[in-house]
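Reading through the structure tokens given below for one structure.
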Amino acid sequence: MNVGVEERNVISKITFKRLVKDYRDILKAPLHSHGIYYIHDEENILYGTALIIGQRGTPYEHGYYLFDFKFPLDYPTSPPKVTLITGDGVMRFHPNMYTNGTVCLSILNTWYGDQWTSCQSISSLLLTLCSILSEHPILYEPGVKITHSEFNNYHTTLTYKNYQVALLNTVMNEQVNIKYALYKNIINSHFLDTFTHNLAKLNELYKIYNTELEVRVTLYNVSVIIDYGFLIARLNDAFQLISTSQTD
Numbered sequence: 015m016n017v018g019v020e021e022r023n024v025i026s027k028i029t030f031k032r033l034v035k036d037y038r039d040i041l042k043a044p045l046h047s048h049g050i051y052y053i054h055d056e057e058n059i060l061y062g063t064a065l066i067i068g069q070r071g072t073p074y075e076h077g078y079y080l081f082d083f084k085f086p087l088d089y090p091t092s093p094p095k096v097t098l099i100t101g102d103g104v105m106r107f108h109p110n111m112y113t114n115g116t117v118c119l120s121i122l123n124t125w126y127g128d129q130w131t132s133c134q135s136i137s138s139l140l141l142t143l144c145s146i147l148s149e150h151p152i153l154y155e156p157g158v159k160i161t162h163s164e165f166n167n168y169h170t171t172l173t174y175k176n177y178q179v180a181l182l183n184t185v186m187n188e189q190v191n192i193k194y195a196l197y198k199n200i201i202n203s204h205f206l207d208t209f210t211h212n213l214a215k216l217n218e219l220y221k222i223y224n225t226e227l228e229v230r231v232t233l234y235n236v237s238v239i240i241d242y243g244f245l246i247a248r249l250n251d252a253f254q255l256i257s258t259s260q261t262d
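With the numbering used here applied, the sequence shown corresponds to residues 15 to 262, in that order.
Okay, structure coming up:
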């Protein structure tokens, strides 16, 4: 790993050594069983990217969530800045993740609660990000409980957008950020392995929402058109595209 030109004369030995250690720790103990993949920038040690694949049983199931990491010159005294790259500029994929990509967490010193300490690491931060992509993420919104009037609508829209944006737009190369290319092989392999499961899930959802439906979440000023027939067709198209590319 190299240091960028601007940072070469100002990054401390402590920061350099700690970033190298954190990355080596990930290489020695990968987090793949959690659906977490991390790549540190080979050109600039102060940058990295992570892919988190949504866990089964959550509205993020099998979605591909890409994050940017920018480390400060005084890391690990201060936390990195983390940005969510996955998105369509409309859907709020998590109460702590804004449509512009801003990620607000106490561990990043951008939310209330237990703050960052130098005992934290890239691995612990990745596990925290994975843990909040949970079954009922709207409960991270202050004051919101299961009885909230928009609890179900948020879950419905998030589930749909996960398949539409985080899964299908990614495998169909409609997430234009070039950093997705770093994880192309991982994403394509995972997509093919989970295609049958995803198709069954979409068919189940189509039985519930068998006509085009608009669902609103006024809490985030979001309106989503639910059309699972369209997503099923897109999923099959994606399977043909990826399976063909794998045999070329």
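All residues carry an ideal CB built from backbone N, CA and C; glycine is no exception.
The beta carbons of S92 and W125 sit no closer together than 9 Å.
For secondary structure counted as the beta strand (DSSP E) over 3 or more consecutive residues, the region 187-235 holds these complete runs in sequence order: 227-231. If you compare the alpha carbons of D82, V229, H48, Y234 with that of T171, the shortest gap goes to V229.
For Y61, the uninterrupted beta strand (DSSP E) run begins and ends at 61-67, by DSSP.
Of the other Cβ atoms in all chains shown, 16 or more fall within 10 Å of the Cβ of D55; this residue is therefore buried. Annotation: the continuous alpha helix (DSSP H) that includes I136 extends over 136-146.
In its chain, beyond the 5 residues on either side, Y220 have a beta carbon closer than 7 Å to the beta carbon of G243. Measuring C-alpha to C-alpha distances from Q178 to each of Y197, A247, K27, P156 identifies A247 as the nearest. Within a 10 Å sphere around the beta-carbon of I240 sit 16 or more other beta-carbons, which makes this residue buried. The beta carbons of G115 and T142 sit no closer together than 9 Å.
Counting only unbroken stretches of 3 or more residues, the beta strand (DSSP E) elements lying wholly within the region 74-124 are 78-84, 95-98, in sequence order. Rounded to the nearest whole angstrom, the CA to CA distance from T100 to R106 is 11 Å. Within the region 144-180, complete alpha helix (DSSP H) segments of at least 4 residues are found at 165-175, given in chain order.
By the CB criterion at 9 Å, E75 and K193 fall outside the cutoff.
As a beta-bridge residue in DSSP terms, V238 pairs with V229.
Taking the C-beta atoms as reference points, I53 is found nearer than 9 Å to G62.
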